[in-house]
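*Asks:*
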Amino acid sequence: MFRKALVKMFEAKGLDCVFIETNMSMKKRYHMVYECIPLPKEVGDMAPIYFKKAIMESDEEWSMNKKIIDLSSKDVRKSVPKGLPYFSVDFGLQGGFAHIIEDQHKFPHYFGKEIIGGMLDLEPRLWRKGVRQNFEEQRKKVLQFAQWWKPYDFTKKKE
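Note that the sequence shown covers residues 1 to 159 in full-length UniProt numbering.
(1) Hey, could you find the ends of the beta strand (DSSP E) S88 is sitting in?
(2) Could you check the C-alpha separation between W148 and L71 for me, to the nearest Å?
(3) Return the CA-CA distance between L15 and D75, expressed in angstroms with no decimal places.
(4) Unbroken alpha helix (DSSP H) runs of length 4 or more, entirely within the UniProt domain "Cwf19-like protein C-terminal" (61-155): which are they?
(5) Could you check the C-alpha separation between K156 and A5 for me, to the nearest Å?
(6) Would you report the Cα separation of F97 and I68, rounded to the nearest angstrom?
(7) In the DSSP assignment, the beta strand (DSSP E) including M32 goes from what residue to what residue?
(8) Determine which residues share a DSSP beta bridge with V18 and list them.
(9) Are three or more beta carbon pairs between the region 39-47 and the region 113-120 nearer than 8 Å?
(10) Comparing C-alpha positions only, which one of Y152, R128 and L39 sits nearest to D90?
(11) Once the 5 residues before and after F107 are set aside, which same chain residues still bring their CB inside 6 Å of it?
(12) Leaving aside the five residues before and after S79 along the sequence, list all residues of the same chain whose C-beta is less than 7 Å from its C-beta, in chain order.
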């Protein structure tokens, strides 16, 4: 439900959405990270091509698992065996791709952001460490998002 609402909200702003999920080992210090990244429409249209190519070129040459898993007809939870680390990407409300991470030590936690950064021709420092923002900058962004989100917030009662 949140995903549908986010897609509608960003579509109204003339943007596409890419949802990336990185689920590293549950036994170690890592955990699952799920992100929604809005993109200009012309970039969003090309996203499946970029992600498919990057996934096919990632990880080990001789993988134990399938390089790329098509998520057009199945959810990632039904496509990746339980307990295995994975990366997945979905494009708006369409399906996407998943990839089982063979070696967690070699697979960058910023993999999805790196692809998007390349698509947008951004400097690597922006996705590797992120840019530190002061409280006021964050506050402005939160208030802007809250204003955009209000008409799509299905958790609040309509008056």
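Ideal placement from N, C-alpha and C gives every residue a C-beta, glycine not left out. All values derive from a computational prediction rather than experimental measurement.
*Replies:* According to the structure shown:
(1) Here residue 88 corresponds to residue number 88 of the sequence shown, with the count starting at 1. From DSSP, the beta strand (DSSP E) with S88 extends over Y86 to F91.
(2) Counting from 1 along the sequence shown, the entry for residue 148 is found at position 148. Counting from 1 along the sequence shown, the entry for residue 71 is found at position 71. Cα to Cα, W148 sits roughly 29 Å from L71.
(3) Within the sequence shown, the letter at position 15 stands for residue 15. Within the sequence shown, the letter at position 75 stands for residue 75. Near 24 Å, if we compare the C-alpha coordinates of D75 and L15.
(4) 76-79, 111-119, 125-128 and 135-149
(5) Indexing the sequence shown from 1 puts residue 156 at position 156. Indexing the sequence shown from 1 puts residue 5 at position 5. Near 13 Å, if we compare the C-alpha coordinates of A5 and K156.
(6) The residue you call residue 97 lines up with position 97 of the sequence shown. The residue you call residue 68 lines up with position 68 of the sequence shown. When rounded, the distance between both Cα atoms is 6 Å.
(7) Residue mapping note: residue 32 aligns to position 32 of the sequence shown, counting from 1. From DSSP, the beta strand (DSSP E) with M32 extends over M32 to P40.
(8) The sequence position of residue 18 within the sequence shown is 18, counting from 1. V18 is bridged to I37 and F91.
(9) yes
(10) The residue given as residue 90 occupies position 90 in the sequence shown. Here the closest residue by C-alpha is L39.
(11) Here residue 107 refers to the residue found at position 107 of the sequence shown. Only I101 meet the Cβ criterion.
(12) As a position in the sequence shown, residue 79 is number 79, starting the count at 1. Once the five neighbours on either side are set aside, the close Cβ partners of S79 are I69, L71 and A98.
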